[in-house]
Amino acid sequence: MVKMKLLQWIPLALAVVFSWFMVHGSYAAFTPVDNYLIDCGSSQTVSIQGRIFIPDSKQSSFELKSQKSSVIVSSNSSIPSPIFRSLRVFPAPASYKFKIKQKGRHWIRLYFYPLPDSSHNLRSASITVVTEKFVLLNNFTFKNYNGSYLFKEFSVNVTSDTLALTFIPSNNSITFVNGIEVVSVPDALVPDQAFSRPPSATFSGLSDNAIETVYRLNMGGPLITPQNDTLGRTWENDEKYLHVNSSAVSVSVDPSTIKYRALVTPEIAPNWVYATAERMGNANVSNLNFNMTWVFPVDPSFMYFVRLHFCDIVSTALNQLVFNVYINSDIAIGSLELSSMTSSLAAPYYKDFVSNSSHDLNTLSVSVGPDPLAELYDAIINGVEIMKISNDAGSLNGLLSVKGLLPKSSSKKSNTGIIIGSALGALAAVVLIALCYCLFVVRRSKDTNQGHPWLPLPLYGNSQTMTGVSMTSRKSGTASCISLDSSNLGRFFPFQEIMDATNKFDESLLLGVGGFGKVYKGTLEDGTTVAVKRGNPRSEQGLAEFRTEIEMLSKLRHRHLVSLIGYCDERSEMILVYEYMANGPLRSHLYGTALPSLSWKQRLEICIGAARGLHYLHTGAAQSIIHRDVKTTNILLDENFVAKVADFGLSKTGPALDQTHVSTAVKGSFGYLDPEYFRRQQLTEKSDVYSFGVVLMEVLCTRPALNPVLPREQVNIAEWAMSWQKKGMLDQIMDQALVGKVNSASLKKFGETAEKCLSEYGVDRPSMGDVLWNLEYALQLEETSSALAEPEDNSTNHIQGIPLTPFETSVSMIDGVNSGTDDDAEDSTTSAVFSQLVNPRGR
């Protein structure tokens, strides 16, 4: 396969060289205003891929500040590039200060290669590089690095007239650098906003972040060097990242046929990127789970800017090519029809996203595959760029900020300045404290006379309005503004109490990150452990989810549903407080962690508990409630492994008595979505039943609902597991930890129940009452076999000696789970939390 692809590239490479001379002049090449190409330590200029690098000793347009430096030069011609044949060594912090003529985005490219030298052990040298705002590298050393040389490319938005690059040695070591580039780029190259996946939202503020190029791929084509890119970029071939080689075939056209449009220029990507592509290796395949997937190792503690490039170079007419695009297991673009976007064939198109790494895997994957509604099952992709986004500390490498890395001066002048500054700071602090106190008093006064501007309360009334109760309590400063028993709205937490409980949102207490925001473990004044979900102001879903969660949980009381302790809406915050769930989400006990495997009986009891909660949602309230996001991360386990359904941010009131469905936009998690709901946008309780069927298979097989890195027939667990269920061979794909430990009759009943849940059409699916009843029966079959083997084993929650008979008709009343609210009495023992404690991907 590799040899064939190499042979394919030979004519393409010749075409690229030829087309460079023929068409390069048709577009005005971008000329950077700032263009510093520096060969550190060299005594003469060098030419590298058509670009001229000037020695750092002969530049007048920038300043090198260093207490002491030394130069190392090698004449070894086997060194891969002239830029690596010299370097400058710094035993103390040193900086290159560049004059910036055009503010905006700039490339910062750094070259490192530890030349052998008798005076220094450069492989052990510690390299830290910072700008005024961002940490680019932190404590890098070649001693623990597999490669022989290092090239790093960053993009920083420069907002001042100068840019300083400071090189800092650490641990009494030295630092060095071989080459530096500081080059301005078009402002439009990196936008301020991009689509976030997941959650489905808009990520804003990219212009305030530094980014680091991690991967830049020319899909289906050869290496593109900086001299063939108007912005000096390098594009590597994609083959080593392709999960299954046979899934893709390289295609190409003459680069001169690429038709750029007004919004897409060669600065976005050169035409030889759009002139090559990877296409489905088996076009028009009948299996719609087929896809091409590329898997990239990444640091899971960072967010990533992902740019995907497309150009239809395979179709013979418009409107032929329609396909889906995925990032990790989440759909990024559904039913992408390139010709409708570009109104032409061979016209470039690109899309930007922001994403985390894949849950439980330190990877980020990109997949393309056929759209089930398309006439032709085919898909292509031309280029992929993945860039790391700086974190809250302004770092691309670790958690330390620039201030934490820059050395503190010990000069007398600095000491004097510190003394004077401290005195002035103390005085300013006193004034500020007095001012803040005055403002606090004024705000208290205002709060007394007006409610929160965006949360209309009471949400669900008792005879006493929330406003009157809450304002009285706020005046008194008590911790509990609203009695949970009296108002069902939960307890109001002052923001300061939340700060104290979470140690000012200490990152060491972070439990996870979801679509709504971060989740922290907290401890209240009375010692109660809680989970605190703090809304992210950048999340467009935040306000809607916050209100829905409070509205739903204020009127729902059941042993198998999460219970809300309280909330905080001070200082424009949106914070929800839940009881801490000791054993976290069900998913973490199935795969991706080192937790002990659950027994079959435990799994059945957990599924039964979740089914009880969902059945109550569908039948227990005056009007049914559809959860709309049933999945294993939204089933939480307390210290006794009692299951509770969590996360009501997407919940929807069900159809009225004279209606069959609710028409609404599709929301939920891919892999769990009801296909009928997805197609028709008509939501019913049976949509939850389908999602629960996926959960049942996930519990049995212990693998994600969607996993694009698996062979195409295994990507979707629902379809894969059903193919085995219909053959009566479900035991062949079950968790290996269960093999030989499950009663065959119990497994058969479980499989039949899941199969009915996963019926394509809602009318063919059972109600949650039916599902619950059949799971209870599967559990009794398991317990009966266990009792025969171990007569003394009475560890069950079920009454012995009462025969159960499976039935298929719908029920509306089940022992212990009725349509009223009798389960309220059980809530005193409920331990609850919220969704996405561990899963960082949200929905």
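The sequence shown begins at 1 in full-length UniProt numbering and counts up one residue at a time.
Quick reminder that beta carbons are idealized off the backbone N, C-alpha and C, glycines included.
Please read these numbers as outputs of a predicted model, since none were measured by experiment.
Please state whether the Cβ-Cβ distance between residue i and residue j is less than 8 Å.
{"i": "C311", "j": "N178", "result": "no"}
{"i": "K133", "j": "A94", "result": "no"}
{"i": "I72", "j": "L110", "result": "no"}
{"i": "D352", "j": "P186", "result": "no"}
{"i": "residue 844", "j": "V158", "result": "Because the chain here runs from 1 to 843, residue 844 falls outside it and cannot be looked at."}
{"i": "F167", "j": "F112", "result": "no"}
{"i": "L165", "j": "V129", "result": "yes"}
{"i": "I380", "j": "E278", "result": "yes"}
{"i": "K533", "j": "L564", "result": "no"}
{"i": "S247", "j": "M292", "result": "yes"}
{"i": "P55", "j": "Q67", "result": "no"}
Three-state secondary structure (DSSP) at residue i?
{"i": "V530", "result": "strand"}
{"i": "Q320", "result": "coil"}
{"i": "E783", "result": "helix"}
{"i": "A164", "result": "strand"}
{"i": "A346", "result": "coil"}
{"i": "V135", "result": "strand"}
{"i": "R765", "result": "coil"}
{"i": "G398", "result": "coil"}
{"i": "M387", "result": "strand"}
{"i": "Y241", "result": "helix"}
{"i": "V190", "result": "coil"}
{"i": "K504", "result": "coil"}
{"i": "L110", "result": "strand"}
{"i": "K652", "result": "strand"}
{"i": "T31", "result": "coil"}
{"i": "F154", "result": "strand"}
{"i": "L220", "result": "Here residue 220 turns out to be Gly, not Leu, going by the sequence shown. It is coil, neither helix nor strand."}
{"i": "I625", "result": "strand"}
In the DSSP assignment, find the unbroken beta strand (DSSP E) run with residue i in it and report its ends.
{"i": "C568", "result": "564 to 568"}
{"i": "Q193", "result": "193 to 196"}
{"i": "S47", "result": "46 to 48"}
{"i": "V295", "result": "292 to 297"}
{"i": "F62", "result": "62 to 66"}
{"i": "K97", "result": "94 to 99"}
{"i": "R88", "result": "86 to 90"}
{"i": "E573", "result": "Run containing E573: none; DSSP gives neither H nor E here."}
{"i": "N146", "result": "Element bounds for N146: n/a, residue is neither H nor E."}
{"i": "T234", "result": "First-last for T234: undefined, no H or E at that position."}
{"i": "E181", "result": "179 to 184"}
{"i": "G512", "result": "510 to 513"}
{"i": "E337", "result": "330 to 337"}
Is any heavy atom in the ligand PLP found nearer than 7 Å to the beta carbon of residue i?
{"i": "W294", "result": "Among the components modelled here there is no ligand, and therefore nothing to report on the ligand PLP."}
How many angstroms separate the CA atom of residue i from the CA atom of residue j?
{"i": "T141", "j": "F84", "result": "16 Å"}
{"i": "L6", "j": "S329", "result": "In this prediction, L6 has a pLDDT of 43, which is less than 50 and means its spatial position is unreliable; what the coordinates show is noted afterwards. Each residue's Cα considered, the two are about 31 Å apart."}
{"i": "M722", "j": "E755", "result": "7 Å"}
{"i": "M22", "j": "P297", "result": "Here M22 scores only 36 on pLDDT, less than 50, and its place in the model should not be relied on; the value that follows carries that caveat. Rounded to the nearest angstrom, the two C-alpha atoms are 38 Å apart."}
{"i": "T753", "j": "M734", "result": "15 Å"}
{"i": "N35", "j": "M341", "result": "35 Å"}
{"i": "A262", "j": "D254", "result": "21 Å"}
{"i": "N362", "j": "W294", "result": "14 Å"}
{"i": "G404", "j": "L396", "result": "14 Å"}
{"i": "Q102", "j": "S61", "result": "14 Å"}
{"i": "S343", "j": "S256", "result": "18 Å"}
{"i": "T276", "j": "S365", "result": "20 Å"}
{"i": "N139", "j": "R123", "result": "12 Å"}
{"i": "D378", "j": "G369", "result": "7 Å"}
{"i": "R680", "j": "I327", "result": "24 Å"}
{"i": "L217", "j": "N245", "result": "16 Å"}
{"i": "M574", "j": "E549", "result": "11 Å"}
{"i": "W600", "j": "D731", "result": "13 Å"}
{"i": "P675", "j": "G221", "result": "37 Å"}
{"i": "F176", "j": "I127", "result": "7 Å"}
{"i": "V251", "j": "D238", "result": "13 Å"}
{"i": "S77", "j": "T225", "result": "21 Å"}
{"i": "L406", "j": "L400", "result": "10 Å"}
What residue range does the alpha helix (DSSP H) around residue i cover?
{"i": "T619", "result": "600 to 619"}
{"i": "W272", "result": "271 to 274"}
What are the uninterrupted segments assigned as alpha helix (DSSP H) that are 4 or more residues long and contained completely in the segment 668 to 750, given in chain order? 675 to 680, 685 to 701, 717 to 726
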